[in-house]
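Trainee: Chains as they are written, first to last, in my numbering: chain A, 73 to 384; chain B, 28 to 297; chain C, 296 to 578. Quick reminder that beta carbons are idealized off the backbone N, C-alpha and C, glycines included. Would you mind keeping the following structure in view while I ask a few things?
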Amino acid sequence: MTAATDLGTHPASRQGVTSRRFLSRFEPYFYAAPAIVLLVTVMMVPLVVGLTYTVRDIRILNPFSGGYVGFAHFEAIWHDQNFHNALYNTFWWTVSSLFFQFFLGLTLALLLNRTFPGRRIIQSLVFLPWAVPAFLSGLNWAWMFNPVISPLPQWLFTLGILSEPTNILSDPDLAMWGPIIANIWFGIPFFAITLLAALQSIPGEIYEAASIDGASRKQQFVSITLPFLAPTIAITLMLRTIWIANFADLIIVMTNGGPADSTQIVSSYIFTQAFRRLDFGYASAIAAVLLVLLMAYAVSIIFIRRSLLRET
Amino acid sequence: MASIQITESTKSYGNTAVLHGIDLNIQNGEFIVLVGPSGCGKSTLLRMIAGLEEVTSGSISINERIINDLPPRDRDIAMVFQSYALYPHMSVEENISYAMTLRKSPKEKIASAVNGVSSILGLNGLLERRPKALSGGQRQRVAMGRAIVRDPQAFLFDEPLSNLDARLREQMRSEIRKLHRKLNATSIYVTHDQIEAMTMADRIVAMHDGYIQQVGTPLEIYDKPALKSSHSTGLISLKARRFTCLTLKKSCICLMLGQKCGWSLLYKFP
Amino acid sequence: MAYYAKSKGQRVVDWSVHYGLLACYLFFALFPLFWLFKVAVTPTKLLYSEGIRMWPSEMTWTNFTQVMTDTDFPQFFINSAIVSGSTAFISTLIAAAAGYSFSRFHYRGKAVIIVLMLVTQMFPLVMLIAPIFRILTPLGLTDSLLGLVVVYTAFNVPFATFLMQSFFDGIPKDLEEAAMIDGNTRFGALVKIIFPLTLPGIAATLGFVFTAAWSELLFALMLVSSPDAVTFPVGLLTFVSKFSVDFGQMMAAGFLALIPAAIFFFLIQRYLVQGLTAGAVKG
Ligand SMILES: Nc1ncnc2c1ncn2[C@@H]1O[C@H](COP(=O)(O)OP(=O)(O)O)[C@@H](O)[C@H]1O
Ligand SMILES: [Mg+2]
């Protein structure tokens, strides 16, 4: 590599030339450096510190805490009924939020992927919930489910969805649907935006060719639209699953895990342990378990996707 | 004006070697055509000369000065891209004058240069337009204008005509040749089209799989194609493709029955 | 989608279903926001007696004026604006640089960095609160707006980077190479040629980060306690935990909080779709 420079007929400028080559070698890192530094100092280092908390007894108000406890926290988690309950709730919370967000988002994206009068304004308006701060939508939806101050319970009763026009947030059997509905409301735009973008990147000629070939609209959807959307769907579903599983704001604001822990999910349980019981050691251990579960999920999805791709 | 020497240059991406020991001397004012099948490394070589790709080993020099580590802007080279690479947010005039503006040339000089170029290339009425509002042929002309306005040491062309239709391509071919005769600047022209190579080049450099296979004038190449792998460059297949070529002393008249374009007359005058 | 030849009757049915469905979406999206506004303009005395009426028999702006004059909300509002604005600006700058690097260069360690960024998206952020608190305290960054900006920027950079990368991917590499041959340095080409072309992408990223920072509650709650540095979400939450909650004022404050994020998002959502499309075409 240096042979080239050694041939140089301008030895005086060699110093400048090598430093220029050095600079250009490191140019990509230079652009990425601020992001990396920030991620390492504000996310990776705290993560590692947080992981060390999982084997220590850290209770803020207890001056004798701080000692090494080994795997005691994890053992406790293994036997913690509340944690099991929260894990179960997390599963339902994530699956049902995701299911409705995705299908409603996909339908919305399909509706918006046509030209029609008023499209631009309608698009801006239906995407608006994404901009509403989560805590505010939580407050607002908590309000919406209150039969004294909102017509919503009455409507649900009239539609036959509720047997009585009561506040579902105070019914342990139904309470989880409150935050889920708020979450659906909040999350539809995300799917609609990403899927709409993917839809708009499908070249129109492909549809034209297919319809000349005699494909019906339904066949076109199955044989063209879905395959084109598949990569986007895979990545957004994966990202959203993780975000939703970690997303405690709505639940904390709307129900605080109640009534009777019926809406407690793992991330809100971590929050409760950390900031109500001030037991950071235990909270960190639960968070580590959640992190491991989510990473296992992500890795298995990526793995499944790989093997599916290899087959086709 | 410049002479360009490429000495034992190689290029690898990671462990894959793309160019193997390229040696080439280009004379001042020569029109060199790099020809070869797609993927044989023509663009890579051109981009190494331009400074857009690092040279893995060996050296490239312009006027006997090694320029391996010189950034593109200091090489005083102009390049016409296959995609034209016009700046979409600038008018035709701004596109053409951008290089001179960057070099802080005086305003009057820029204006007269732009004027000269646009009348040579027939862009006079289009100076205020954005590239989006131009046809393919007009865009190609703007890309040419952007290159010649600077009066650079050398011109590099990377398949500049491959996005044009057959008639326009033929017209631009002869215009590029005419321009070259007028400016007499060293030019390296990349194409995978043998006819383009035959009709435009002072010397053809036939490449295959990262090696230079043969260097010679069009007539030499036509008469004595390298036999190493006769299927490779495709130059030889000219004969197979029902060509009738009358070679005169220093010029070549080819009459060709193309599979797609019907009859066409290819000519290269001395 | 392609155009389909169809009978007139079919077309009418088709479009009625189309607009009908869109109307449902619009209703679902906007009714909660309408209700927020309705409560905010209902006089306190009618709040419960006319709780389920579509519009109160008497309308008032006093909730809004009281929020603006009698509470600390204007201060919270300014704090939030400072934090979100700076976060959006800095995150976009950092993410643009990193996204450019991902889009244009191949280099050792790039895959590792990308995986790291993906992994950060999996954190239960609650887990980071205590360690971050411990790191920021000696730096004097707790209880300060600057601390919030640093933390929010770090949280938003990964997604913003992927977003910016997809915008850069939509711009041909040839353009900056042409600019470099024309006489720019790479950085010069980035600033003069690529930057103007990514403006929609930058707008989208700015808006995305701004709304995220504007909404953040958890870290604001934990890292900040003095009223000088309280942001809107925290202020609103303290409203709730106060003994006698004035719902009308709370909703008025909430509605005001909504406005900046909504306006921002309203303006940029188009570019968000556009930019993701441009990236998708290539990748
Ligand atoms: N950035 C790159 N990384 C790895 N391989 C590359 C890269 N760019 C080009 N190549 C490879 O180098 C070879 C030569 O490419 P190129 O010079 O573009 O060919 P040509 O212009 O003759 O069609 C090709 O086989 C191509 O796959
Ligand atoms: Mg090429």
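1. Starting from S168/A, trace the beta strand (DSSP E) in both directions and tell me its first and last residue.
2. Apart from the five residues on each side of it in sequence, which residues of its chain come closer than 6 angstroms, Cβ to Cβ, to M354/C?
3. Got a sec: does ligand 2 put a non-hydrogen atom nearer than 7 angstroms to the Cβ of S189/B?
4. Measuring only from the beta carbon, is Y238/B closer than 7 angstroms to any heavy atom that is part of ligand 1?
5. Output yes if chain C places a C-beta closer than 8 angstroms to the C-beta of F182/B; else output no.
6. How long is the line joining the alpha carbons of Y249/B and G66/B, rounded to whole angstroms?
7. Are there three or more Cβ pairs, one per stretch, closer than 8 angstroms when the region 187-199 of chain A is compared with the region 279-297 of chain A?
8. Residues bridged to A44/B by DSSP?
9. Just checking D220/B against ligand 4 - is the residue's beta carbon closer than 7 angstroms to any of the ligand's heavy atoms?
10. For M115/A, does the three-state DSSP call read helix, strand or coil?
11. If distances are taken between C-alpha atoms only, which option among S70/B, A44/B and M28/B comes closest to F184/B?
12. Report yes or no: is there a C-beta of chain C within less than 8 angstroms of the C-beta of L381/A?
13. Counting only Cβ pairs nearer than 9 angstroms, list the residues of chain B close to D469/C.
14. Taking only the alpha-carbon atoms, compute the straight-line gap between T34/B and V232/B and give it to the nearest angstrom.
15. Report the residues of the region 114-137 of chain B with a CB closer than 7 angstroms to any CB of chain C, ordered along the chain.
16. Kindly list, in the order they appear in chain C, the residues whose Cβ is closer than 7 angstroms to that of Q226/A.
17. When you measure from the CB of D469/C to every non-hydrogen atom of ligand 2, does any distance come out below 7 angstroms?
18. Have a look at Q225/A and V109/A and give me their C-alpha separation to the nearest angstrom.
19. For the 8 angstroms Cβ check, are there 3 or more pairs between the region 368-375 of chain A and the region 298-313 of chain A?
20. For a contact meaning CB atoms closer than 7 angstroms, what does W509/C contact in chain A?
21. Any heavy atom of ligand 2 closer than 7 angstroms to the beta-carbon of E186/B?
22. Give a yes or no on whether the minimum CB-CB distance between W213/A and chain C is below 8 angstroms.
23. Taking the straight line between their C-alpha atoms, what separation do you get for L51/B and Q240/B?
24. Can you tell me whether DSSP reads V141/A as helix, strand or coil?
25. One question on the structure: do F503/C and A556/C come within less than 8 angstroms of each other, judged by their Cβ atoms?
26. Cβ of L129/B within 8 angstroms of Cβ of G164/B?
27. Please determine, among A393/C, L501/C and L331/C, the residue with the shortest C-alpha to C-alpha distance to P351/C.
28. Give a yes or no on contact between the region 166-184 of chain A and the region 244-262 of chain A, applying the rule of three or more CB pairs nearer than 8 angstroms.
29. Let me know if L79/B comes out buried or exposed under the rule of 16 or more other beta-carbons within 10 Å of its beta-carbon.
30. Closer than 7 angstroms: is that where the CB of Y40/B sits relative to any heavy atom of ligand 1?
31. Anyone know if the C-beta pair for E155/B and E120/B falls short of 8 angstroms?
32. When you check each C-beta in the region 340-356 of chain A against every C-beta of chain C, which residues fall closer than 8 angstroms?
33. Could you give the DSSP three-state label for R34/B: helix, strand or coil?
34. Using 10 angstroms around the beta-carbon of E511/C, count the other beta-carbons present and answer buried if the total reaches 16, otherwise exposed.
35. How would you label K159/B, buried or exposed, when you count the other beta carbons within 10 angstroms and need 16 or more for buried?
36. Going along chain F in order, which residues have a C-beta closer than 7 angstroms to the C-beta of I488/C?
Mentor: A quick look at the data gives this:
1. If you number the first sequence from 1, residue 168/A lands on position 96. Here S168/A belongs to no beta strand (DSSP E); instead the alpha helix (DSSP H) covers Q153 to L184.
2. The residue given as residue 354/C occupies position 59 in the third sequence. Result list for M354/C: V336, in chain order.
3. Taking the first residue of the second sequence as position 1, residue 189/B is located at position 162. Flag unset: Cβ of S189/B not near ligand 2.
4. Start at 1 with the first residue of the second sequence, and residue 238/B comes out as number 211. No.
5. By one-based count along the second sequence, residue 182/B stands at place 155. It does not; no Cβ of chain C falls within 8 angstroms.
6. Counting from 1 along the second sequence, the entry for residue 249/B is found at position 222. Counting from 1 along the second sequence, the entry for residue 66/B is found at position 39. Approximately 23 angstroms between the Cα atoms of the pair.
7. Contact fails: fewer than three Cβ-Cβ distances are below 8 angstroms.
8. Within the second sequence, the letter at position 17 stands for residue 44/B. DSSP lists S39/B as the bridge partner or partners of A44/B.
9. The model depicted lacks ligand 4 and carries ligand 1 and ligand 2 instead.
10. What you label residue 115/A is simply residue 43 of the first sequence in a count that begins at 1. Three-state result, M115/A: helix.
11. As a first step, residue 184/B must be located in the second sequence, where it is residue number 157. Residue S70/B is the option with its Cα nearest to F184/B.
12. Here residue 381/A refers to the residue found at position 309 when the first sequence is read from its first residue. By this cut-off, L381/A is not an interface position.
13. Looking up residue 469/C in the third sequence gives position 174. Here the neighbours are F108, Q109, S110, Y111 and A112.
14. Position 7 of the second sequence, counting from 1, holds the residue named residue 34/B. Position 205 of the second sequence, counting from 1, holds the residue named residue 232/B. Answer to the nearest angstrom: the Cα atoms are 15 angstroms apart.
15. Listed in sequence order: Y114, P115, H116, Y125, A126, L129 and R130.
16. The residue you call residue 226/A lines up with position 154 of the first sequence. Near Q226/A (Cβ distances below 7 angstroms), the residues of chain C are I347.
17. Position 174 of the third sequence, counted from the first residue, corresponds to residue 469/C. Incorrect: D469/C has no Cβ contact closer than 7 angstroms to ligand 2.
18. In the first sequence, the residue the question calls residue 225/A occupies position 153. In the first sequence, the residue the question calls residue 109/A occupies position 37. It is worth fixing the name first, because residue 225/A is Pro in this sequence and not Gln. Answer to the nearest angstrom: the Cα atoms are 50 angstroms apart.
19. yes
20. For the purposes of this step, residue 509/C is taken as residue 214 along the third sequence, with counting starting at 1. Under the 7 angstroms cutoff, chain A gives P205.
21. Along the second sequence, one-based indexing puts residue 186/B at 159. Yes, ligand 2 has a heavy atom inside 7 angstroms of this Cβ.
22. Within the first sequence, the letter at position 141 stands for residue 213/A. At least one chain C Cβ lies under 8 angstroms of W213/A.
23. If you number the second sequence from 1, residue 51/B lands on position 24. If you number the second sequence from 1, residue 240/B lands on position 213. When rounded, the distance between both Cα atoms is 11 angstroms.
24. Within the first sequence, the letter at position 69 stands for residue 141/A. Coil, per DSSP.
25. The sequence position of residue 503/C within the third sequence is 208, counting from 1. The sequence position of residue 556/C within the third sequence is 261, counting from 1. No, Cβ-Cβ distance for F503/C and A556/C is not below 8 angstroms.
26. As a first step, residue 129/B is located in the second sequence; it is residue number 102 there, counting from the start. As a first step, residue 164/B is located in the second sequence; it is residue number 137 there, counting from the start. Cβ distance not < 8 angstroms, so L129/B and G164/B don't count as in contact.
27. Against the third sequence, residue 351/C aligns to sequence position 56. Ranking the options by Cα distance to P351/C, first place goes to L331/C.
28. Yes, they touch.
29. Start at 1 with the first residue of the second sequence, and residue 79/B comes out as number 52. Answer is buried; the Cβ neighbour count reaches 16.
30. As a working note, residue 40/B is residue 13 in the second sequence. Yes, the Cβ of Y40/B comes within 7 angstroms of a heavy atom of ligand 1.
31. Here residue 155/B refers to the residue found at position 128 of the second sequence. Here residue 120/B refers to the residue found at position 93 of the second sequence. Taking 8 angstroms as the Cβ cut-off, E155/B and E120/B qualify as a contacting pair.
32. Listed by position, the residues of the region 340-356 of chain A near chain C (Cβ gap below 8 angstroms) are I342, F343, A346, F347, F352, A355 and S356.
33. Locating residue 34/B in the second sequence gives position 7, counting from the first residue. With the sequence shown as reference, residue 34/B is identified as Thr, and Arg is not the correct amino acid for it. Residue state, collapsed to three classes: strand.
34. By one-based count along the third sequence, residue 511/C stands at place 216. Classification for E511/C: buried.
35. Locating residue 159/B in the second sequence gives position 132, where the first residue counts as 1. Exposed.
36. Checking the listed chains, one finds no chain F in this structure; the protein chains it contains are A, B and C.
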